[in-house]
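The block underneath contains the structure these notes are about, expressed in structure tokens.
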Amino acid sequence: MSTLLEVKNLKKYFPVPSGTLHAVDDVTFTLDQGETLGIVGESGCGKSTLGKTILRLTNPTSGEVIYNGRNIAAISDKEFVALRPELQMIFQDPMSSLNPRMSVKEQIEEPLLIYKRYPDRAEREKKVLELMDTVGLARRYADMYPHELDGGRRQRIGIARGLSLEPKLIVCDEPVSALDVLIQAQILNLLMDLQQEKGLTYMFITHDLSVVKHISNNICVMYLGQIVEKCETSRLFSHTLHPYTKALLSAIPVPSLSKKRERIILKGELTSPINPKNCCRFAPRCIYATDECFGTAPELKDVGNGHMVACHRVAELNDLSEV
Ligand code: SF4
């Protein structure tokens, strides 16, 4: 598989009255063509800002975003506009990302009009209906408005819009978290089918590890703007190494009355992302923290088979021979 996206030392800082907020802090990863990378973490960990910075919805503070061999963080706005159709985003809440005054067909048609695709009206309308078929949205909804549809159908409009310009990379920002479980499964299956059919590459952002388990090839776990664990999806679940990832995993319900997973409840204060100190940002909530954790930031290191972990005590707390 060839690499489609390479993110190198990406930072996004925001000036705030009390200093500088480090929303994304030195994030590095690669994403191969046709694969899905899950980005997981609690609300406020910087995962959505990471997605927006990669797609230049907000400009990076520093770092590189190499898409198809070009650093798109450094190209001009004009050059980026020409690339925009290849890089799309699906948002969490379709109700706020869709225009309430536009019908379903108008919403899907809008990107085609902006990018002057299918100038012939009849052909454009045909394309809109084909896109509705692709995302499983019945044609009878074409003249309806978002408020007349349920959450699942609204999200299908968002996906049809995302697909309309034939993208290569789609950043899916919590695309199923506003939906009930049954609809979540339908939308996830639809995204996976579309990936197979069209060779799409996804960056899938979520707070829910159980959701990315089924869709991702690799997972990055983020904590306060930084990646703390990164590896293949199956490895993350079979050999969880970072204390924070273990806590996240313990929160996934087990669908069995006989089996029980011990829930790790995180206590302690969250480290401030404003002017953070040189320390492990998870230290105030980590039961294994030592003086070293409060005094030096751990590096993200390969502990075997490409399994990357940022923890001073990873070798002490785990049997790395099994990794
Ligand atoms: Fe916990 Fe220390 Fe590891 Fe951070 S570096 S996760 S505080 S043991």
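First residue of the sequence shown: 1, per our numbering; consecutive thereafter.
Glycine included, every Cβ here is placed at the ideal spot set by N, Cα and C.
All figures in this text were calculated on a predicted structure; none of them were measured in a lab.
Query raised in the report: Who sits around the ligand SF4, taking every residue whose Cβ is closer than 5 Å to one of its heavy atoms?
Result: P243, C280, F282, A283, C286, Y288, A289, C293, P298, C311, H312, R313
Requested in this report: Could you tell me which of M144, N318, L270 sits nearest to R101, measuring between CA atoms?
Outcome: M144
Query raised in the report: DSSP on A33, reduced to helix/strand/coil?
Result: Reading off the sequence shown, one finds Gln at residue 33, where the question assumed Ala. DSSP places Q33 in coil when its eight states are reduced to three.
**Report entry** Where the alpha helix (DSSP H) containing G152 begins and where it ends
**Finding:** 151-163
Query raised in the report: Taking buried to mean at least 16 other C-beta atoms within 10 Å of its own C-beta, is Q196 buried or exposed?
Result: exposed
Query raised in the report: In angstroms, rounded to a whole number, what distance separates the CA positions of L179 and G34?
Result: 25 Å
Query raised in the report: Quick one, which of V303, V221, V309 has its alpha-carbon nearest S43's?
Result: V221
Query raised in the report: Below 8 Å between beta carbons: does that hold for I205 and I39?
Result: yes
Query raised in the report: Does the stretch 170-184 come within contact of the stretch 130-146, defined as at least 3 CB pairs closer than 8 Å?
Result: no
Query raised in the report: Looking only at its own chain, which residues have a Cβ that is under 6 Å from the Cβ of C311, when we skip the five neighbours before and after it?
Result: H242, P298
Report task. Since I believe I157 is in contact with L137 (beta carbons under 8 Å), could you give me their beta-carbon distance rounded to a whole number of angstroms? Result -> 7 Å
Query raised in the report: For D302, does the three-state DSSP call read helix, strand or coil?
Result: strand
Query raised in the report: Going by the CB atoms, is the gap between M95 and R139 shorter than 8 Å?
Result: no
Query - DSSP three-state assignment for H22, whether helix, strand or coil - result: strand
**Report entry** Three-state secondary structure (DSSP) of S272
**Finding:** coil
Query raised in the report: Apart from the five residues on each side of it in sequence, which residues of its chain come closer than 8 Å, Cβ to Cβ, to E125?
Result: K105, E109
Query raised in the report: In this structure, what does DSSP give as the bridge partners for G38?
Result: F204, I219
Query - Validate contact between the stretch 63-78 and the stretch 208-218 using beta carbons, cut 8 Å, 3 pairs - result: no
**Report entry** Proximity winner among S103, Y115, P119, D120, relative to M132 (alpha-carbon distances)
**Finding:** S103
Requested in this report: May I ask you to list the residues that DSSP assigns as paired with F237?
Outcome: Per DSSP, none; premise fails for F237.
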